[in-house]
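UniProt numbering numbers the first residue of the sequence shown as 1 and each following residue consecutively.
Take a look at the structure below.
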Amino acid sequence: MMMAFSSSASLLLSPLNTNTTDSSLKLLLLHSSSSSSSHHQFPHVPRQPQVAISSLNKWRANVSSFFPAFLNRKKGNDANSLKEELLDALAPLDRGADATPQDQLTIDQIARQLEAVNPTKAPLKSDLLDGKWELIYTTSQSILQTKRPKFLRSVANYQAINVDNLRAQNMESWPFFNQVTADLTPLNARKVAVKFDYFKIAGLIPVKAPDSARGELEITYLDEELRVSRGDKGNLFILKMVDPSYRVPV
1 MMMAFSSSAS LLLSPLNTNT TDSSLKLLLL HSSSSSSSHH QFPHVPRQPQ VAISSLNKWR
61 ANVSSFFPAF LNRKKGNDAN SLKEELLDAL APLDRGADAT PQDQLTIDQI ARQLEAVNPT
121 KAPLKSDLLD GKWELIYTTS QSILQTKRPK FLRSVANYQA INVDNLRAQN MESWPFFNQV
181 TADLTPLNAR KVAVKFDYFK IAGLIPVKAP DSARGELEIT YLDEELRVSR GDKGNLFILK
241 MVDPSYRVPV
């Protein structure tokens, strides 16, 4: 091993023949020049046509305009399908009187999905709130009167709201036709404090409500045909619009 290394070193260090060196250098320089020229010459890259760039920009613009419209359309479709699902689920439940705990859970889950796509962010400022609404589902046992025999329960319950003066009216139908009116005080853009002022027995005999007749109500979903609200005691209320022209009597 040492011998081979010494031999190679000697060969590298030994004097070179002059003629051989000159010709070798010329050959080396010629080869180097040729090689350098061939290796460092860059290929011609054709310029991208302007029409291609223009087409790309148009494509980007179309994509950008498509997605917001697609998302808005999808959001609308979600709300409609959720409303259909909700109405189908509560239809056989007699406004909630026949609902089992599992039924209540199912209705609440669908309602929360619907609330997540609420199109009316400030319902207390919306004309959509005006009018007479029919209660189609609630978890409030006092409204459902489940402890009474069915023939003594109200056949239908309504609520009317005036947005301009924030007055509300709750009405029962047959057999008692009881009513109650209330003042609404906004707590934020979708939540009100409710202060009941007068009850009307059989819709005729006024009775002043006690000072303790108070509550809070949050409107969590509102469009032109359906309203979802939640009370301060955890009750859920779902109502459908029946008469947008109705106003609470002053």
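In this text, a Cβ means the ideal position worked out from N, Cα and C, and glycines have one as well.
A quick note: this is a predicted structure, and the numbers were derived from the prediction, not measured.
Residue i burial status per 10 Å Cβ neighbour count (16 or more: buried)
{"i": "Leu236", "result": "buried"}
{"i": "Gly96", "result": "buried"}
{"i": "Trp174", "result": "exposed"}
{"i": "Ile201", "result": "exposed"}
{"i": "Ala189", "result": "exposed"}
{"i": "Ala122", "result": "exposed"}
Rounded C-alpha distance that separates residue i from residue j
{"i": "Ser229", "j": "Ser140", "result": "12 Å"}
{"i": "Gly203", "j": "Leu184", "result": "21 Å"}
{"i": "Gly131", "j": "Tyr137", "result": "18 Å"}
{"i": "residue 306", "j": "Ala111", "result": "Shown here, the chain extends from 1 to 250; a query on residue 306 therefore has no answer."}
{"i": "Leu105", "j": "Pro186", "result": "29 Å"}
{"i": "Leu135", "j": "Glu172", "result": "10 Å"}
{"i": "residue 320", "j": "Leu144", "result": "Past the edges of the chain, shown from 1 to 250, lies residue 320, and the structure says nothing about it."}
{"i": "Leu128", "j": "Ile205", "result": "31 Å"}
{"i": "Phe196", "j": "Glu85", "result": "34 Å"}
{"i": "Asp232", "j": "Gln179", "result": "21 Å"}
{"i": "Val250", "j": "Gln169", "result": "11 Å"}
{"i": "Val194", "j": "Ile107", "result": "25 Å"}
{"i": "Phe177", "j": "Leu82", "result": "33 Å"}
{"i": "Leu166", "j": "Leu114", "result": "25 Å"}
{"i": "Val155", "j": "Leu93", "result": "14 Å"}
{"i": "Ala209", "j": "Thr181", "result": "9 Å"}
{"i": "Ala79", "j": "Asp164", "result": "28 Å"}
{"i": "Leu124", "j": "Ser142", "result": "26 Å"}
Which of helix, strand or coil DSSP assigns to residue i
{"i": "Phe237", "result": "strand"}
{"i": "residue 259", "result": "Not covered by the structure: residue 259. The range shown for the chain is 1 to 250."}
{"i": "Pro119", "result": "coil"}
{"i": "Gly203", "result": "coil"}
{"i": "Leu187", "result": "coil"}
{"i": "Glu216", "result": "strand"}
{"i": "Ser229", "result": "strand"}
{"i": "Asp103", "result": "helix"}
{"i": "Asn170", "result": "strand"}
{"i": "Asn178", "result": "coil"}
Whole-angstrom C-beta distance between residue j and residue i, which should lie under 8 Å
{"i": "residue 254", "j": "Leu90", "result": "Since the first residue of the chain shown is 1 and the last is 250, residue 254 is not available in this structure."}
{"i": "Val242", "j": "Asn162", "result": "Val242 to Asn162, Cβ: 16 Å. No contact."}
{"i": "Val192", "j": "Tyr198", "result": "Not really, about 18 Å apart at Cβ, beyond 8 Å."}
{"i": "Arg227", "j": "Trp133", "result": "6 Å"}
ask   = Should the segment 117-126 be called in touch with the segment 218-232, which here means at least 3 C-beta pairs below 8 Å?
value = Yes, the segment 117-126 is in contact with the segment 218-232.
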